[in-house]
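Residue numbers (this note's numbering), protein chains in the order written: chain X, 1 to 164; chain Y, 1001 to 1248.
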Amino acid sequence: MASTLEEEIELLTSPLIRSPSISEEGMEVTEEFNDLIEDHFEPLSTGWDKKKIKLDLYKKVYKFLSDEDLTGEERLQIMSSFSNAILFADTLPSTIHTPEISVDIDFGVIFDWTLTKFKTFSVSIGKGNYLNYAAIYGQSVHHGKELLGDKFPDSFDLWIKRIF
Amino acid sequence: MQNYPTLTNAPIREALIDFRFQLPNDFNFEKFDRAYTNFKKDFPKREALNESLGKFEIGPKGLVSSAASTIKPIGFLYKSKDDLSVVQYKTNGFTYNRLKPYIDWTHLVSQAKLYWSYLQTEIGSGPISRIGLRFINAIPLPAEKFELDDILTEFHGLSDGIDCTITGFLHRTTIRSNSNSNQGHITTTVEKTDASKDRKLIFDIDVFNVGAFLMDGDEIWKTLDSLRELKNSIFFMQLTSEKLKEFA
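Below is the structure:
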């Protein structure tokens, strides 16, 4: 029980617990700290691990689900995409660049590798067992589907290596 | 107790008093409504306060079982007719917020006491685990080039010899009193704005005491007085005497 009390005290004295402000200035301070915390957890460009990717994924999905306007069905849809995105994240080889992750109600969870506007590769993951991908390389645009499995598709690996 | 001058033009944007506690899961929200009837006439605007909850479980082999995110009601926020005062009744706490113009300490505490008394009558006499006092100041910055040393007595800026201009900062100092169990977070930052003029230094003093205080006891008000003493010492000692003169 002592540890529970200690944990509670630690929580209550944490800088993350603030007396709740309603003024613009107070909210700005809170927002700046939230940004700082998010930056702290941002995956590194090299030497990343899957835990960081999953944490990033979790944070993005959680933030998305905080939108009170989402319907129950939309929430379930995002949660299904999230489950598949976790499976996909597990297959990411450590030899490739860290993807940018975003969440979109229409396309589910998106893993994005972009070097420039004309050198980009993205994978969108919905509730189905397919990985929809799109690649822009110079003037050519490619898109297609791969099955979600326990191995990172070779074609994705080639595209990402080609871009970077 | 140290005497500090009363400032006629204090740069306070918001002052608030905050109590943290936990009401039972089966708490009846009608009790909030009953407390609210005492001041509904002066605080006609009522907004529901919700907490967003999401549950994610990562199991073996990366499989995820999950429950959809839910919105949990935690209480209400009541706004005065002029929007300058706000009372928050929540299952995890009570807050009284006062926006500028700040009147004085007596007014702040008397108002908090009044709205707290209505709630306390309804919820009984359990323990409060955290008492907070927060003052958010916005100090106008000169439009021309200036030194932060002219405003703050202590500031960790750039060392001499670095040929640069500071364009932004976010500084937080966490403190614990050497004479009692009061603690605090002092945050200084520059207000984000596109215009170079009318910029302000946000000087946020958030002091608190974590313990077990009876909801119907005098200890909470004595603790608030000592938190005010700490808050004042920070404000009057961290700002330069020249800057303080502008608020006299």
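All C-beta atoms, glycine included, are put in the ideal place defined by N, C-alpha and C.
1) What residue does the alpha helix (DSSP H) around S81 of chain X start on, and which one ends it?
2) Quick check: the Cα distance between P1140 of chain Y and L1201 of chain Y, rounded to an integer number of angstroms?
3) If I measure Cβ to Cβ from F1027 of chain Y and keep anything under 6 Å in the same chain, skipping five residues before and after, which residues do I get?
4) What are the start and end residues of the beta strand (DSSP E) that includes K1090 of chain Y?
5) Shortest alpha-carbon distance to L65 of chain X belongs to which of X:L55, X:F107, X:M79 and X:K54?
6) Just to make sure I have the definition right: I need the residues of chain X whose C-beta is within less than 7 Å of the C-beta of G1132 of chain Y. Which are they?
7) Hey, quick one: how far does the alpha helix (DSSP H) through K50 of chain X stretch, first residue to last?
8) Does the beta carbon of E146 of chain X come closer than 8 Å to any beta carbon on chain Y?
9) May I ask which residues mark the beginning and end of the beta strand (DSSP E) holding N1137 of chain Y?
10) Alpha carbons only, please: which of X:Y62, X:I86 and X:L55 is nearest the one belonging to N129 of chain X?
11) To the nearest whole angstrom, what separates the beta carbons of I1074 of chain Y and N1097 of chain Y, a pair I think is in contact under 8 Å?
12) Touch check for the segment 1004-1014 of chain Y and the segment 1112-1131 of chain Y: three-plus C-beta pairs under 8 Å?
13) For R18 of chain X, does the count of other Cβ atoms within 10 angstroms reach 16, so buried, or fall short, so exposed?
14) Any contact between the segment 1202-1214 of chain Y and the segment 1176-1187 of chain Y? By contact I mean 3 or more CB pairs, one from each, below 8 Å.
15) Cβ of R1228 of chain Y less than 8 Å from any chain X Cβ?
16) In whole angstroms, what is the alpha-carbon distance linking L1152 of chain Y and V1109 of chain Y?
17) For N1232 of chain Y, name the three-state secondary structure that DSSP assigns.
18) Considering only residues of the same chain and omitting the five flanking positions on each side of T1121 of chain Y, which have a CB-CB separation below 8 Å?
19) Comparing alpha-carbon positions, which option in Y:R1228, Y:K1231 and Y:A1138 lies nearest T1189 of chain Y?
20) Which residues in chain Y sit within 7 Å of S23 of chain X, going by Cβ to Cβ distance?
21) Name, please, each residue of chain X whose Cβ falls closer than 7 Å to the Cβ of F1330 of chain Y.
22) Going along the chain, which residues of its own chain have a beta-carbon closer than 7 Å to the beta-carbon of L1119 of chain Y, five neighbours each way excluded?
23) Is there a Cβ from chain Y that is less than 8 Å from the Cβ of V29 of chain X?
24) DSSP has V29 of chain X in a bridge; who is on the other side?
Quick look at the numbers:
1) In the first sequence, the residue the question calls residue 81 of chain X occupies position 81. Run containing S81 of chain X: G72 to T91, per the alpha helix (DSSP H) assignment.
2) The residue given as residue 1140 of chain Y occupies position 140 in the second sequence. The residue given as residue 1201 of chain Y occupies position 201 in the second sequence. Whole-angstrom Cα-Cα distance: 6 Å.
3) Here the question's residue 1027 of chain Y lines up with position 27 in the second sequence. Hits under 6 Å: T1091.
4) As a working mapping, residue 1090 of chain Y is identified with position 90 in the second sequence. Taken as a continuous stretch (DSSP letters only), the beta strand (DSSP E) holding K1090 of chain Y covers S1085 to K1090.
5) The residue labelled residue 65 of chain X in the question sits at position 65 within the first sequence. The shortest C-alpha separation from L65 of chain X is found at X:M79.
6) Here residue 1132 of chain Y refers to the residue found at position 132 of the second sequence. Residues of chain X passing the Cβ test: S19.
7) As a working note, residue 50 of chain X is residue 50 in the first sequence. Here the alpha helix (DSSP H) through K50 of chain X covers K50 to L65.
8) The residue given as residue 146 of chain X occupies position 146 in the first sequence. By this cut-off, E146 of chain X is not an interface position.
9) The residue labelled residue 1137 of chain Y in the question sits at position 137 within the second sequence. Looking at the DSSP string, the run of the beta strand (DSSP E) that includes N1137 of chain Y is P1127 to P1140.
10) The count along the first sequence starts at 1 and reaches residue 129 of chain X at position 129. With distances taken between CA atoms, N129 of chain X lies nearest to X:I86 out of X:Y62, X:I86 and X:L55.
11) In the second sequence, the residue the question calls residue 1074 of chain Y occupies position 74. In the second sequence, the residue the question calls residue 1097 of chain Y occupies position 97. The pair is not a contact, with the Cβ atoms about 16 Å apart (cut-off 8 Å).
12) no
13) By one-based count along the first sequence, residue 18 of chain X stands at place 18. Per the 10 Å Cβ criterion, buried.
14) yes
15) Within the second sequence, residue 1228 of chain Y is the residue found at index 228, counting from 1. No, because no Cβ of chain X sits closer than 8 Å to the Cβ of R1228 of chain Y.
16) Along the second sequence, one-based indexing puts residue 1152 of chain Y at 152. Along the second sequence, one-based indexing puts residue 1109 of chain Y at 109. When rounded, the distance between both Cα atoms is 28 Å.
17) In the second sequence, the residue the question calls residue 1232 of chain Y occupies position 232. Of the three classes helix, strand and coil, the one that applies to N1232 of chain Y here is helix, per DSSP.
18) One-based indexing of the second sequence puts residue 1121 of chain Y at position 121. Contacts found: A1035.
19) Against the second sequence, residue 1189 of chain Y aligns to sequence position 189. Residue Y:A1138 is the option with its Cα nearest to T1189 of chain Y.
20) Taking the first sequence and counting its residues from 1, the one referred to as residue 23 of chain X is at position 23. Within chain Y, the residues near S23 of chain X are R1013, E1014, L1099 and I1136.
21) Beyond the ends of chain Y as shown, which are 1001 and 1248, falls residue 1330 of chain Y; an answer cannot be given.
22) What you label residue 1119 of chain Y is simply residue 119 of the second sequence in a count that begins at 1. These residues qualify, in order along the chain: A1035, Y1089 and F1094.
23) Translated into the one-based positions of the first sequence, residue 29 of chain X becomes position 29. For V29 of chain X, the answer is yes, since a Cβ of chain Y falls inside 8 Å of its Cβ.
24) Along the first sequence, read from residue 1 onward, the residue named residue 29 of chain X stands at position 29. In the DSSP output, where bridge partners are listed per residue, V29 of chain X has none listed.
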